[in-house]
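One structure is given here, and the rest of the page talks about it.
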DNA sequence: ATATCTTGTTCTCCAAATTAGAACAATTGA
DNA sequence: TCAATTGTTCTAATTTGGAGAACAAGATAT
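Residue numbers (my numbering), protein chains in the order written: chain A, 1 to 302; chain B, 303 to 604.
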């Protein structure tokens, strides 16, 4: 391999935070990464990353070198893929990190369509609900559902993400149907773990905001699981429409306090700032933004 | 090898004007160059150089690609050699094309000193009097002795290049010593072949310009040879001081019409415009400019 | 018109380069 | 204190890439 490949290995080590993680992400042995890095340092006559056992840190020279070569690597990628894409069908790999529920239920079919349009592309999907640092982990982009976008990254909104409260008919028959937000305090909930999911602000039809206590009998970090528990009558759930839409349509769940509204989130594709975005990645983002848009099909079905 | 090395091979093919010459300059087999170029074109999905048997021409895509990657290759070279040179003794290669006479008599000792100061450098010297296209032939720089500098290249003057007229004592005893430029028409000359060397403009002490006919009994393209012929009494010679200085000092030749002057040329180092000049090359140019300067040692000895 | 020379292509063999994996030292965390 | 993890180094295996031969085709010289 060559000079630019050595540089790319170095960049990966820096962004991954270590040789072992870089090796995992690059799919090569850590001995190979170690050797490539050592040879780059030898060629430059200076240490780029100071390593002790179990830690590695950029030196001052390494930091400067990293800033400079990052631009060069992007330029080469841009020059070559712009030329290639002018002449050819899209090829290459796209690494995406997406939340589990959204990924399984919505991105799957969408990716299927996209790949049919661009059969020479390869998609590498990471489905999980953990927070992903796309630079550190070497992703092209990630889907994030949130209110605020991180200022250090670029984001493209692809659709709104509304929430509704719902419960099973059996549960409501047993516990009664809440008429006002205050009534909620007499009920049980299944809620998301972590963060501040248990503390929701609900806005009633008159525009008044409420902050009801919602005692959780079941807590989990997975929306599909919570949906199952709600359908089984274990409590009411506040959940995204993109999760609950089919259960509502089937009558397995019934919307509660439908005139009230919950804080609205958005789904964004995020990608690294100041980094060349290959055309195939841009096309995928455009494709998804168009496919979902401001009134996605699951909201239209309600 | 890698992506950047493929690009460097491509650049060399473009600038050399063909795969065979590029292979010669790179020191690898033309089959290897052919294969590298083909693989680069395959990766980009487009033809960069259209080849028929015995000719090759840049395509439109190739021209654009060449312009863009040239900058990138320079940037990488700059980033890495600036970092390297900050930390280390100078290393690397310098390829220089120099005129034969000047190279043998003056650059040799100078290079010897320079290499003693920077022992890890490697000098690749091409000595000839032919016109060298430094970009096409892959030189870092060339020494050129001329009046005008080519506008498409960068030049750094390293010293003036004065000419004098001289003849052997025997010749002058036999033929008489010319007193005025007009007297020259009664004499024989040994002169440079090609160009307009046989048509000199001499300026007398009063500032008047003369254009004497100087019949040549011996013509050659090498100044050292002409010096020998002049010392042997075959005629008078107009020659650079850097060639004739020792023969004058030794009494083998005597200056003729010393109050007159000849068009003054300069010695320049020339190097490619818009191309990163490694520090080692810049240091060599500085070294030579300082070593010779406005009154080089051979002019001081006269 | 023909022969020779030169360029670029393609293929095969072999040497060189590079990776995987094992073994190890050393630090960190349980 | 022990186990886990990181990074380094070495060796064997695998992959890559160059050299050189053979060839096609165009240009040049005779």
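For each residue, glycine too, the CB sits at the ideal point set by N, CA and C.
Predicted, not measured: the structure shown is a model, and the values here were computed from it.
Chain B within 8 Å of residue i, Cβ atoms only
i: residue 290/A; result: no
i: residue 65/A; result: yes
i: residue 61/A; result: yes
i: residue 69/A; result: yes
i: residue 84/A; result: yes
i: residue 120/A; result: no
i: residue 72/A; result: yes
i: residue 236/A; result: no
Reference residue i, options the options, closest by Cα
i: residue 596/B; options: 353/B, 566/B, 521/B, 439/B; result: 566/B
i: residue 475/B; options: 602/B, 538/B, 319/B, 545/B; result: 538/B
i: residue 429/B; options: 448/B, 399/B, 446/B; result: 399/B
i: residue 561/B; options: 353/B, 549/B, 506/B; result: 506/B
i: residue 255/A; options: 76/A, 171/A, 110/A, 116/A; result: 171/A
i: residue 132/A; options: 116/A, 147/A, 153/A; result: 153/A
i: residue 302/A; options: 245/A, 50/A, 134/A, 180/A; result: 245/A
i: residue 586/B; options: 327/B, 353/B, 392/B; result: 392/B
i: residue 598/B; options: 311/B, 313/B, 484/B, 462/B; result: 462/B
i: residue 249/A; options: 157/A, 298/A, 180/A, 207/A; result: 298/A
i: residue 181/A; options: 238/A, 291/A, 230/A, 242/A; result: 238/A
i: residue 303/A; options: 39/A, 92/A, 55/A; result: The first residue shown for chain A is 1 and the last is 302, placing residue 303/A beyond what the model contains.
i: residue 525/B; options: 517/B, 480/B, 490/B, 465/B; result: 465/B
i: residue 321/A; options: 73/A, 143/A, 86/A, 76/A; result: With chain A represented from 1 up to 302, any question about residue 321/A goes unanswered, as that position is not in the structure.
Proximity test, Cβ basis, 8 Å: residue i and chain A
i: residue 347/B; result: yes
i: residue 410/B; result: no
i: residue 381/B; result: yes
i: residue 339/B; result: no
i: residue 306/B; result: yes
i: residue 343/B; result: no
i: residue 438/B; result: no
i: residue 378/B; result: yes
i: residue 467/B; result: no
i: residue 516/B; result: no
i: residue 463/B; result: no
i: residue 390/B; result: yes
Cα-Cα separation, residue i to residue j
i: residue 304/B; j: residue 1/A; result: 5 Å
i: residue 124/A; j: residue 94/A; result: 6 Å
i: residue 247/B; j: residue 563/B; result: Given a span of 303 to 604 for chain B in the structure shown, any question on residue 247/B remains unanswerable.
i: residue 385/B; j: residue 272/A; result: 27 Å
i: residue 339/B; j: residue 348/B; result: 11 Å
i: residue 6/A; j: residue 136/A; result: 18 Å
i: residue 88/A; j: residue 278/A; result: 14 Å
i: residue 247/A; j: residue 175/A; result: 20 Å
i: residue 71/A; j: residue 276/A; result: 9 Å
i: residue 495/B; j: residue 333/B; result: 40 Å
i: residue 416/B; j: residue 41/A; result: 27 Å
i: residue 443/B; j: residue 571/B; result: 6 Å
i: residue 519/B; j: residue 421/B; result: 47 Å
i: residue 513/B; j: residue 317/B; result: 41 Å
i: residue 220/A; j: residue 253/A; result: 19 Å
i: residue 116/A; j: residue 110/A; result: 10 Å
Where the alpha helix (DSSP H) containing residue i begins and where it ends
i: residue 503/B; result: From DSSP, residue 503/B is part of no alpha helix (DSSP H); its letter is neither H nor E.
i: residue 375/B; result: 362–389
i: residue 30/A; result: 30–44
i: residue 157/A; result: Looking at the DSSP string, residue 157/A is not in any alpha helix (DSSP H); the run it does join, the beta strand (DSSP E), is 153–161.
i: residue 52/A; result: Looking at the DSSP string, residue 52/A is not in any alpha helix (DSSP H); the run it does join, the beta strand (DSSP E), is 49–52.
i: residue 25/A; result: 19–26
i: residue 248/A; result: 241–250
i: residue 584/B; result: 581–594
For residue i, three-class secondary structure by DSSP
i: residue 10/A; result: helix
i: residue 271/A; result: strand
i: residue 521/B; result: strand
i: residue 417/B; result: helix
i: residue 495/B; result: coil
i: residue 234/A; result: coil
i: residue 603/B; result: coil
i: residue 394/B; result: strand
i: residue 557/B; result: strand
i: residue 106/A; result: helix
Element boundaries [beta strand (DSSP E), containing residue i]
i: residue 479/B; result: No beta strand (DSSP E) contains residue 479/B, which DSSP labels as neither H nor E.
i: residue 434/B; result: First-last for residue 434/B: undefined, no H or E at that position.
i: residue 490/B; result: Note, residue 490/B: premise wrong, no beta strand (DSSP E); not H, not E.
i: residue 146/A; result: 141–146
The ligand NAD heavy atom lying under 7 Å from the CB of residue i
i: residue 137/A; result: Absence of the ligand NAD from the depicted structure is noted, as is the absence of any ligand whatsoever, leaving it without description.
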